[in-house]
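One structure is given below, encoded as structure tokens.
Numbering (our numbering), first residue to last: 88 to 708.
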């Protein structure tokens, strides 16, 4: 839509946008502090995110094209709203902004002040503010970039006609590297590795490390410091070929196969790659380069099936197992026929044990294989879990999405904080890279106890056993650190935390749940093959819900809460499919899936609300 187009005739709901406040200050602005009034005349998109959240990372990638295409009229502002205690540390937010290539201003809001002002209930949430400073749309979850771009084009035309749209950034201090605007990139740092993710020991005695932020693999000598070679050009991309021409995009997990080749979890490319250390060549095993979405194939030839943010890989029981963080599942790649398939998980986010097809995970991010068990670090539930040879899922440490901390002792009451790695030890125990506790922990199945092996590690994300030593990937210190495995545990002061999100007070008894979804402009609900919406509701503890749990197609539901359970969490998963309402699109218009999982802490109180609105897309009237 060009500037001469008439403004849309439909009346759009508008709410005055609250001011942006955050005690952590602004990042990526060259030290400048911004108010919404500084950005009047521009379309502002607020991205409420937290760096532990895989869906938030998906949205960062979804917005890159829109950000570039509308750079002279749109400013995206990340509002970092922490879930974990570690994410409230300013230094950690600074690291995350660099780690994930965030190229727009970020407001660090450790106290969730702006989150509360905008009544946000989920990570990620996108809020669109028009050039006059009014909120005109809100979207929870991922998959909304197409709808937001359509809205941006409408707003550009509408406010150009009204004279309220400003183009260009001449009035701001500009960075010559990006053509102007409020974004000022940080200075690059000359370290050998930059936020490395995972590592493995090659048969040669050298280390192979995924140098995640630089989009490369790096082979280091046995000292863990000397660079032998780099694999990959160092730019984002999905290209096969020799070491100097291959391209990756934020690679993470590595698994050594029996033939000496290495499988790479190429996370942001949503692909599995195969690196041959002998020839130096990289090829693609599985994935199309596009993210898997609900309703798409979950098995088939590897190169034809989409994946979703594979974070780690492990060789176990004759297949390559995949920690599919993006959809909270485990998948497997079978080299015998080149196929991929789901092995455990329903795509619902949470902690539920049992047969693989019924289990729930929350961003599985680390894998380690022993003959009898596949161990996994389930990061968002701060849990250590395992799969047996029959495919059943078990939990060793961890209770759910909202409890975390650093506490040793019996596994039933021990606490971790967003672990990303797990390593099998020779005595049958496992070492856990307890990332947000900056610690290396140990779980011993023989005793059922958790201990701390080492502290003062900066965001450890993986560890490799080398003789009597363990080499830890210190991701936020950009290095490998060698430790002697201690015979005795390190004593630490026990701490326990719950998420900082305030519980929503609701009335006991009847509660109306409304998931708000308005098909974006130019789209309509896709009802060609039946209902286009889905709603799944459950609770922790299960006794919280007397009725209303389960799956259905209506986005509104009457719940009945148990007055004997004073607090808990409502788990709500919603999906809506809409298609472009474009007659020129022919028989097969482009369709879009909008989806989000909410974990809503609730507290029962007689004065509480009897309605719980959750915005998937649109505004709650």
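Think of the CB as a built atom: it goes at the ideal place given N, C-alpha and C, for glycine as much as any other residue. None of these values were measured; they are calculated from a predicted model.
Beta-carbon separation (whole angstroms), residue 681 vs residue 696, contact threshold 8 Å: Incorrect: roughly 25 Å between the Cβ atoms, too far for contact.
Pick from 224, 164, 170 that is closest to residue 139, judged by C-alpha positions: 170
Limits of the alpha helix (DSSP H) - the one that residue 186 falls within: 177-186
Spatial neighbours of residue 409 in its chain, beta-carbon cut-off 6 Å, leaving aside the 5 residues before and after: 397, 400, 418
7 Å Cβ shell around residue 179 - same chain, five flanking residues per side excluded: 173
Stretch-stretch touch, CB-based, cutoff 8 Å, three pairs: the region 120-131 with the region 203-212: no
Residue 202, DSSP secondary structure in three states: helix
Beta strand (DSSP E) runs contained entirely in the region 360-384, provided each spans 3 or more residues: 369-373
Between the CA atoms of residue 339 and residue 285 - distance to the nearest angstrom: 6 Å
Inter-residue CB distance, residue 502 and residue 490 (contact presumed, cutoff 8 Å): 7 Å
Assumed close pair residue 193, residue 167 - CB separation to whole angstroms, cut-off 8 Å: 6 Å
Classification of residue 438 by the beta-carbon crowding that lies within 10 angstroms, buried from 16 upward: buried
At least three beta-carbon pairs within less than 8 Å, the region 339-358 to the region 279-293: yes
Beta-carbon gap between residue 428 and residue 507 smaller than 7 Å: Residue 428 places its beta carbon 7 Å or farther from that of residue 507.
Residue from 214, 388, 149, 460 whose Cα sits closest to the Cα of residue 101: 214
Same chain, Cβ closer than 7 Å to residue 104, neighbours up to 5 away in sequence not counted: 123, 216, 220, 221, 222
Span separating the alpha-carbon of residue 534 from that of residue 551: 23 Å
In chain order, each beta strand (DSSP E) run of at least 3 residues that lies wholly inside the region 513-560: 517-521, 526-531, 536-541, 547-553
Straight-line gap, residue 576 to residue 529 (C-alpha atoms, nearest Å): 9 Å
Local conformation of residue 563 per DSSP, three classes: DSSP places residue 563 in the helix class (H, G or I) of the three-state scheme.
Outcome for residue 308 when other beta-carbon atoms lying within 10 angstroms are tallied against a minimum of 16: exposed
Spatially closest choice to residue 459 from 532, 236, 356, by CA coordinates: 532
Candidates 436, 522, 597, 557, of which the one nearest residue 563 by Cα: Measuring C-alpha to C-alpha distances from residue 563 to each of 436, 522, 597, 557 identifies 522 as the nearest.
Three-state secondary structure assigned by DSSP to residue 301: helix
Whole-angstrom distance between residue 332 and residue 326, CA atom to CA atom: Approximately 7 Å, taken between the alpha carbons.
Meets three-Cβ-pair contact criterion under 8 Å: the region 225-238 and the region 594-611: Result yes; three or more Cβ-Cβ pairs closer than 8 Å.
Distance between beta carbons of residue 229 and residue 211, contact taken as under 8 Å: 7 Å
Length of the line joining the Cα atoms of residue 616 and residue 335: Model confidence at residue 616 stands at a pLDDT of 49, short of 50, so the residue's coordinates are unreliable and nothing is read from them.
Whole-angstrom distance between residue 290 and residue 134, CA atom to CA atom: Roughly 44 Å separates the two Cα atoms.
Rounded C-alpha distance that separates residue 662 from residue 569: Rounded to whole angstroms, the gap between the alpha carbons of residue 662 and residue 569 is 46 Å.
Exposed unless 16 or more other CB atoms sit within 10 angstroms - verdict on residue 314: Residue 314 is exposed by the Cβ-count criterion.
Residue 357, buried or exposed, once every other Cβ within 10 Å from all chains shown has been counted against 16: Buried: at least 16 other Cβ atoms inside 10 Å.
Residues near residue 360 in its chain [Cβ-Cβ closer than 6 Å; skip 5 each side]: Non-local C-beta neighbours of residue 360 in its own chain, meaning closer than 6 Å and more than five positions away in sequence, comprise 351, 353, 369, 371, ordered along the chain.
Inter-residue Cα distance where the pair is residue 156 and residue 256: 15 Å
Pair within 7 Å by beta-carbon distance, residue 416 and residue 141: no
CA-to-CA distance, residue 111 to residue 198, given in whole angstroms: The alpha-carbon atoms of residue 198 and residue 111 are separated by roughly 9 Å.
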